[in-house]
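What follows is one structure encoded as structure tokens, with my remarks underneath.
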Amino acid sequence: MEIRCYIMKQILTVLAIFCFFSVMAAPASAFTAESLSIDVSENGGDSTVTFSYTLGLAERVAVFFKVADPAAELKSALESNSGKEVSVSEVTTNSAAFNVTGYAHVDIGDGETTYTTPALSFTRASEILSGYWFAPLITVDLSPAETTVTFPPDGFEESFNDSIEIPKISHTVSLS
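First residue of the sequence shown? That's 5 in this note's numbering, and the numbers climb one at a time after it.
Right, dumping it as structure tokens:
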């Protein structure tokens, strides 16, 4: 009986060492921003913001166990940048969509309408994520590969690539 316990302890020790080195040798997991789409409507500057991302295995596990919530972090970043109330309209495993009332400032005058979106930065959200206990195990890239801001009524688009900060954008259309 004693020999059996000794063998079991040895097997468990070898398995524990194997698991430890497997975790240490595993590549870092990642949260990667794929795209950000901001669609401004004619209705008082209300906007739909859609953020697409990919999650590595560690992030999917963290989301599953509610350790991390990408939609909540993105909602917080949108609220702090715009100063507007943000509502989550849809969340999937690799995207989150938000409605932002009055996101763009609308100025009507002299036969034209000017839509102005606020500057948007994900730098603070990145800093918050790096403060989590699991931060050393992951890499976070909150700079969307492609960001598109679309304005009404002519569908004018402004695009940015790999930018964690989006500047304030204005677009003027003639009312005639």
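Don't be surprised by glycine CBs; every beta carbon is placed ideally from N, CA and C.
Inter-residue spacing [alpha-carbon to alpha-carbon] between residue i and residue j
| i | j | result |
| --- | --- | --- |
| residue 35 | residue 96 | 14 Å |
| residue 94 | residue 65 | 20 Å |
| residue 41 | residue 149 | 11 Å |
| residue 173 | residue 49 | 13 Å |
| residue 178 | residue 140 | 51 Å |
| residue 79 | residue 99 | 12 Å |
| residue 43 | residue 51 | 5 Å |
| residue 154 | residue 76 | 24 Å |
| residue 157 | residue 115 | 14 Å |
| residue 142 | residue 113 | 49 Å |
| residue 38 | residue 117 | 31 Å |
| residue 145 | residue 61 | 15 Å |
| residue 130 | residue 169 | 12 Å |
| residue 101 | residue 83 | 14 Å |
| residue 119 | residue 104 | 14 Å |
N- and C-terminal bounds of the beta strand (DSSP E) containing residue i
| i | result |
| --- | --- |
| residue 103 | 99-104 |
| residue 47 | Careful: residue 47 lies outside any beta strand (DSSP E) and carries neither H nor E. |
| residue 111 | 109-113 |
| residue 163 | 161-165 |
Which of helix, strand or coil DSSP assigns to residue i
| i | result |
| --- | --- |
| residue 131 | helix |
| residue 146 | coil |
| residue 89 | coil |
| residue 59 | strand |
| residue 180 | coil |
Element boundaries [alpha helix (DSSP H), containing residue i]
| i | result |
| --- | --- |
| residue 78 | 74-86 |
Cβ-based burial, residue i [other Cβ within 10 Å; buried from 16]
| i | result |
| --- | --- |
| residue 30 | Caution is warranted here: a pLDDT of 44 is assigned to residue 30, below 50, making its placement in the model unreliable, and the coordinate value is therefore given only provisionally. Burial call: exposed. |
| residue 151 | buried |
| residue 74 | buried |
| residue 25 | Unreliable positioning characterises residue 25 in this predicted model, as indicated by a pLDDT of 44, which lies under 50. The coordinate reading is nonetheless provided below. It is exposed - the Cβ of residue 25 has fewer than 16 other Cβ atoms within 10 Å. |
| residue 134 | exposed |
| residue 176 | exposed |
| residue 47 | exposed |
| residue 180 | exposed |
| residue 86 | buried |
Checklist entry - Does the count of Cβ pairs from the region 125-134 and the region 100-117 closer than 8 Å reach three? => result no
Item to check | Any 3 or more C-beta pairs closer than 8 Å across the region 159-177 and the region 54-61 | outcome: no
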